[in-house]
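**Q** Residue numbers (this note's numbering): 13 to 242. C-beta: ideal position from N, C-alpha, C; glycine also.
1) Checking the sheet assignment: what are the DSSP bridge partners for residue 100?
2) In the structure shown, what three-state DSSP assignment does residue 112 receive?
3) So the candidates are 14, 20, 151 and 15; which of them puts its Cα closest to the Cα of residue 171?
4) Taking Cβ to Cβ, would you say residue 79 is nearer than 8 Å to residue 23?
5) Distance check for residue 71 and residue 55, CA to CA, integer angstroms please.
6) Give the DSSP-derived three-state secondary structure of residue 49 in the structure shown.
7) Taking residue 202 as the reference, which of 36, 208 and 178 has the closest Cα?
8) Please state whether DSSP places residue 61 in a helix, a strand or coil.
9) Let's see if you can read the secondary structure: which residues bound the alpha helix (DSSP H) around residue 204?
10) With C-beta atoms as the reference, is residue 160 less than 8 Å away from residue 240?
11) At which residues does the alpha helix (DSSP H) containing residue 130 begin and terminate?
12) In terms of alpha-carbon separation, which member of 188, 95, 211 and 30 lies closest to residue 235?
13) At which residues does the alpha helix (DSSP H) containing residue 90 begin and terminate?
14) Any idea if residue 206 is buried or exposed, counting beta-carbon neighbours within 10 angstroms, 16 or more meaning buried?
15) If you drop the 5 nearest sequence neighbours on each side, which residues of the same chain put their C-beta closer than 7 Å to that of residue 232?
16) Return the first residue and the last residue of the beta strand (DSSP E) that residue 184 is part of.
17) I need the straight-line Cα distance from residue 10 to residue 34, nearest angstrom please.
18) Between which two residues does the beta strand (DSSP E) carrying residue 76 extend?
Put into structure tokens, the structure is as follows:
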């Protein structure tokens with residue numbers, strides 16, 4: 013039995029958190045067990061209170077007293093995870109847990125160490141979203157590939173899964189959106205088996221609560237370069 017710790021950072025996601033956790037709990041995959049860890053990152057919209065009163069939706073609830081950023085919430089979750097593998101899951105329903113079967117296939121079939129879900133590898137469908145985001149993603153993915161000699165198509169997909177013992181969570185230095193670049197860089201500097209699978213994507217616009225902005229790309233680029241040469 014392979015245990016996967018599903019790390020769910022949540023910041024002001026009252027509109028989606030129940031549906032998301034219901035969907036995670038519905039996933040039944042032979043030979044796989046899921047540990048669901050939800051981290052409230054200082055929500056002010058009732059998300060925290062809802063989670064505290066619905067403990068049947070998860071295995072472990074953690075709380076940041078102030079908003080530390082997505083990376084800060086993830087690091088808190090990583091420090092308490094017990095699974096053999098880590099899987100990141102956003103709480104906003106842009107990424108559907110029904111994709112877990114596809115993400116786990118390289119692990120089940122090929123004993124993969126790292127699996128990334130790509131929105132650009134011929135998915136069944138994808139919601140049309142901001143051109144600027146796609147260009148930004150292509151830019152940072154290309155930079156990463158040049159520096160680490162990889163062929164990722166989507167390094168900023170939410171769906172990153174990896175063996176927990178490959179990364180010491182205490183070694184992570186970043187707390188914002190750039191943390192994913194730090195984690196992936198640390199993974200790619202090791203001799204590990206990397207896989208990428210297509211996933212569907214239901215991106216939301218800013219008026220529906222999307223949080224990432226163009227200014228986040230600067231620390232991401234800096235993190236990629238720093239983790240290559242330091």
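**A** By the coordinates alone:
1) By one-based count along the chain shown, residue 100 stands at place 88. Answer is 19, bridged to residue 100.
2) Your numbering for residue 112 matches position 100 in the chain shown. Three-state result, residue 112: helix.
3) Against the chain shown, residue 171 aligns to sequence position 159. Of 14, 20, 151 and 15, the residue nearest in Cα terms is 20.
4) Against the chain shown, residue 79 aligns to sequence position 67. Against the chain shown, residue 23 aligns to sequence position 11. Yes, they are a contact pair.
5) Translated into positions along the chain shown, residue 55 becomes position 43. Translated into positions along the chain shown, residue 71 becomes position 59. Cα to Cα, the separation comes out at about 20 Å.
6) Position 37 of the chain shown, counted from the first residue, corresponds to residue 49. DSSP places residue 49 in strand when its eight states are reduced to three.
7) Position 190 of the chain shown, counting from 1, holds the residue named residue 202. Taking only the C-alpha atoms, the option nearest residue 202 is 178.
8) Reading the chain shown from its first residue, position 49 is the one you call residue 61. Residue 61 falls in the helix class under three-state DSSP.
9) Position 192 of the chain shown, counted from the start, is the residue given in the question as residue 204. That residue, residue 204, is in no alpha helix (DSSP H); it is neither H nor E in DSSP.
10) As a working mapping, residue 160 is identified with position 148 in the chain shown. As a working mapping, residue 240 is identified with position 228 in the chain shown. Closer than 8 Å, so yes.
11) Counting from 1 along the chain shown, the entry for residue 130 is found at position 118. Run containing residue 130: none in the alpha helix (DSSP H); it sits in the beta strand (DSSP E), 126-130.
12) Residue mapping note: residue 235 aligns to position 223 of the chain shown, counting from 1. The shortest Cα separation from residue 235 among 188, 95, 211 and 30 belongs to 188.
13) Taking the first residue of the chain shown as position 1, residue 90 is located at position 78. Per DSSP, residue 90 belongs to the alpha helix (DSSP H) from 82-90.
14) Translated into positions along the chain shown, residue 206 becomes position 194. The residue in question, residue 206, is buried, as its Cβ has 16 or more Cβ neighbours within 10 Å.
15) Taking the first residue of the chain shown as 1, we reach residue 232 at position 220. Cβ neighbours of residue 232 beyond the five flanking positions: 152, 189, 190 and 193.
16) For the purposes of this step, residue 184 is taken as residue 172 along the chain shown, with counting starting at 1. Element bounds for residue 184: n/a, residue is neither H nor E.
17) Outside the shown range of the chain (13 to 242) lies residue 10, about which nothing can therefore be said.
18) What you label residue 76 is simply residue 64 of the chain shown in a count that begins at 1. Unbroken beta strand (DSSP E) run through residue 76: 72-76.
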